[in-house]
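Below you'll find the structure, written out as structure tokens, and then a few comments.
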Amino acid sequence: MTVLAEAPAAEEALDGAVKTRKLVIVDYSGELEKTWATMILASTAGAMEMDVTVFVTFWGLQSFVKDRKRITGENWMQKMMSFMQRPGVSHRPLSKMNFMGMGPWMMFKLAKKYNVSKPKELLEMAQALGVNFVPCQMTMDMFGLKREDLIDGMAEPAGAATALQLMTDADSTLFI
Amino acid sequence: MAALDIKLKVDASGLSCPLPIVRTAQAMKTVASGDLVEVIATDPGSVKDFDAWSKSTGNALVEQDAANGKFRFVLRRK
């Protein structure tokens, strides 16, 4: 067994109180690879005891519709939009090499082979670790999404002013 | 190497990023302050990640070694 490091600084690190850092992620895109990045960073930041808020807007909100929902919306245009792009975190298309769902199917096969967690699992872990997911009210209105269409445990819907206030108050902001 | 009083062992073998860290963070919440948690991981990226996680959270990395593709970390809950 090779000792790589004795970690001498470990005890000192305990002395000074560790500052809680704030991270804001704006989840804008609904594509599989970007949703994956959002979920990996959100769950890890939660594990790192950061104060994490994910502001979920536009296409991003499609990942937060319950997986079992097929058609959402109140009028024919909103219903047509949901018909053309199946909502739910498990039904995200790839931005390239989607091939009518063959691409995502292969990605999930590879993820399983290499023990990589799917976005849905990472989302559940992030929620369990206290990550705050805030849906955008305007997006909900435009797509005709109701609170009951969205996954459980999300925060109260908010708008651009809340998002900007969170971003300017944070140590780091990501727009994904 | 002195025998350590390990309160909880986390086997993160075979798991890819970020699961070793996420599982450790979850396990850490189940032990008391000052308790030691041992993690075994096979993800080579976990060496840097555990160092970053320890610095970020203030949970001390008290011991760390590697053998036969397995990485072992002992962390003390703050």
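Just so you know, the sequences run in chain order A and B.
Residue numbers for the first sequence follow this note's numbering, so the first one is 5 and each next one is one higher.
Residue numbers for the second sequence follow this note's numbering, so the first one is 1212 and each next one is one higher.
We put the CB at the ideal spot given by N, CA and C, even for glycine.
In this text, all values refer to a predicted model and were calculated from it rather than measured experimentally.
- In summary, W109/A is exposed, with fewer than 16 beta-carbon neighbours lying within 10 Å of its beta-carbon over all protein chains present.
- The way I'd put it, the region 55 to 69 of chain A doesn't touch the region 1235 to 1249 of chain B; fewer than three beta-carbon pairs between them come closer than 8 Å.
- Taking 9 Å as the cut-off, the beta carbon of K26/A is found no closer than this to the beta carbon of D153/A.
- In terms of beta-carbon proximity, I1251/B stays away from the interface with chain A, with every pair separated by 9 Å or more.
- Secondary structure at P108/A: helix, using DSSP grouped into helix, strand and coil.
- Across the structure, S1257/B and F1282/B are spaced so that their CA atoms are roughly 8 Å apart.
- Spatial neighbours of S1265/B in its own chain (CB-CB distance under 6 Å, excluding positions within 5 residues in sequence) are listed in chain order as L1272.
- Closer than 9 Å to the CB of Y118/A there is at least one CB belonging to chain B.
- One Cα belongs to K1218/B, the other to V58/A, and the distance between them is close to 34 Å.
- Its Cα nearest to that of I155/A, the residue N136/A stands out among S99/A, D173/A, Q169/A, N136/A.
- When Cβ-Cβ separations below 9 Å define contact, A165/A makes no contact with chain B.
- When DSSP states are grouped into helix, strand and coil, Q89/A belongs to the coil group.
- A Cβ-Cβ distance of about 25 Å is found for the pair G50/A and L149/A, leaving them out of contact under the 8 Å criterion.
- In this structure, the straight-line span from the alpha carbon of M81/A to that of T1235/B is close to 46 Å.
- Listed along chain A are A115, Y118, N119, V120, S121, each with a C-beta nearer than 9 Å to that of S1227/B.
- Nearest Cα to V28/A within the set M142/A, E35/A, S86/A, L45/A: L45/A.
- Counting C-beta pairs closer than 8 Å gives fewer than three between the region 1219 to 1231 of chain B and the region 159 to 171 of chain A, which falls short of the contact rule.
- Not flagged as an interface residue toward chain A: S1257/B, since no C-beta distance is shorter than 9 Å.
- At a beta-carbon threshold of 8 Å, the residues of chain B lying near I44/A are C1228, P1229, ordered along the chain.
- Within the region 48 to 67 of chain A, T48, G50, A51, M52, E53, M54 place their CB atoms closer than 8 Å to a CB of chain B, listed in sequence order.
- The Cβ atoms of P123/A and L36/A sit closer than 9 Å to each other.
- Between the alpha carbons of L1215/B and Q1237/B lies a distance of about 21 Å.
- Counting the other CB atoms within 10 Å of its CB gives Q1275/B a total of 16 or more, which places it among the buried residues.
- Against S1267/B, the close residues of chain A are V22, R25, M52, E53, M54, in the order they occur along the chain (beta-carbon pairs closer than 8 Å).
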